[in-house]
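In our numbering, the protein residues as written are 2 to 175.
#1: Quick check on the burial criterion: 16 or more other C-beta atoms within 10 angstroms. Buried or exposed for residue 161?
#2: What is the DSSP secondary structure of residue 25, reduced to helix, strand or coil?
#3: Based on the DSSP secondary-structure assignment, which residues constitute the bridge partners of residue 77?
#4: Look at residue 68 and residue 80 and say whether their C-beta atoms are less than 8 Å apart.
#5: Return yes when the Cβ of residue 116 is within less than 8 Å of the Cβ of residue 13, no when it is not.
#6: Can you grab the Cα-Cα spacing for the pair residue 134 / residue 19, in whole Å?
#7: If you draw a straight line from the C-alpha of residue 114 to the C-alpha of residue 43, how long is it?
#8: Which of the three DSSP states is assigned to residue 38 in this structure?
#9: Excluding the 5 residues flanking residue 63 on each side, which residues of the same chain have their C-beta closer than 7 Å to its C-beta?
#10: Since residue 170 and residue 132 are thought to touch, with beta carbons under 8 Å apart, how far apart are those beta carbons, to the nearest angstrom?
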């Protein structure tokens, strides 16, 4: 595996058809919907079509989703994404998910290290940005400690149940 997308502990790899059951479990965990834009369950068929049509071509699809796996045995532990890729302005939104069984082990930070280097050195991005609900203190701390700057707060940006939550916009420039 390329050093560009791996280290001793984790590897970032393309999505595979064998990821169907893992993605199905993660995407349909309603406890996670509060930090995503998911509003309804995904069927296996829908996810299969997603995997089948996914090319990993960030320029064509304007996104890149990579599976975060343990380097030792290939166990999937999360995903990391470029969303809303804008090649004209050399920027992309970043998404990060670590399975609850693997949180608190520094894997998210390692994935950020690998993807940030890839974004800057291989794709040539100028900036990455994230939207994080203000009540997601762990995630805010991760990105702020990593060097992202809080550049604004979007009021009542996400609806959760019958209430609206404010969201921080954080940005990293290279």
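Ideal Cβ positions, reconstructed from N, Cα and C, are used throughout, including at glycine. The structure presented is a predicted model; accordingly, all values stated were derived computationally and were not measured.
In terms of the structure at hand:
#1: Walking along the chain shown from the start, residue 161 turns up at place 160. Answer is exposed; the Cβ neighbour count stays below 16.
#2: Taking the chain shown and counting its residues from 1, one reaches residue 25 at position 24. Looking at residue 25 - three-state DSSP - the assignment turns out to be helix.
#3: Within the chain shown, the letter at position 76 stands for residue 77. According to DSSP, residue pairing for residue 77 in a beta bridge involves 70.
#4: Taking the first residue of the chain shown as 1, we reach residue 68 at position 67. Taking the first residue of the chain shown as 1, we reach residue 80 at position 79. Contact: yes.
#5: Residue numbering aside, residue 13 sits at position 12 when the chain shown is read from its first letter. Residue numbering aside, residue 116 sits at position 115 when the chain shown is read from its first letter. In this structure, residue 116 lies closer than 8 Å to residue 13 by Cβ.
#6: What you label residue 134 is simply residue 133 of the chain shown in a count that begins at 1. What you label residue 19 is simply residue 18 of the chain shown in a count that begins at 1. Answer to the nearest angstrom: the Cα atoms are 32 Å apart.
#7: For this step, residue 114 is matched to residue 113 along the chain shown. For this step, residue 43 is matched to residue 42 along the chain shown. Their backbone Cα atoms lie some 30 Å apart in a straight line.
#8: Start at 1 with the first residue of the chain shown, and residue 38 comes out as number 37. Three-state result, residue 38: coil.
#9: Here the question's residue 63 lines up with position 62 in the chain shown. Once the five neighbours on either side are set aside, the close Cβ partners of residue 63 are 85, 86.
#10: Translated into the one-based positions of the chain shown, residue 170 becomes position 169. Translated into the one-based positions of the chain shown, residue 132 becomes position 131. Their Cβ separation, rounded to whole angstroms, is 6 Å, which keeps residue 170 and residue 132 in contact under 8 Å.
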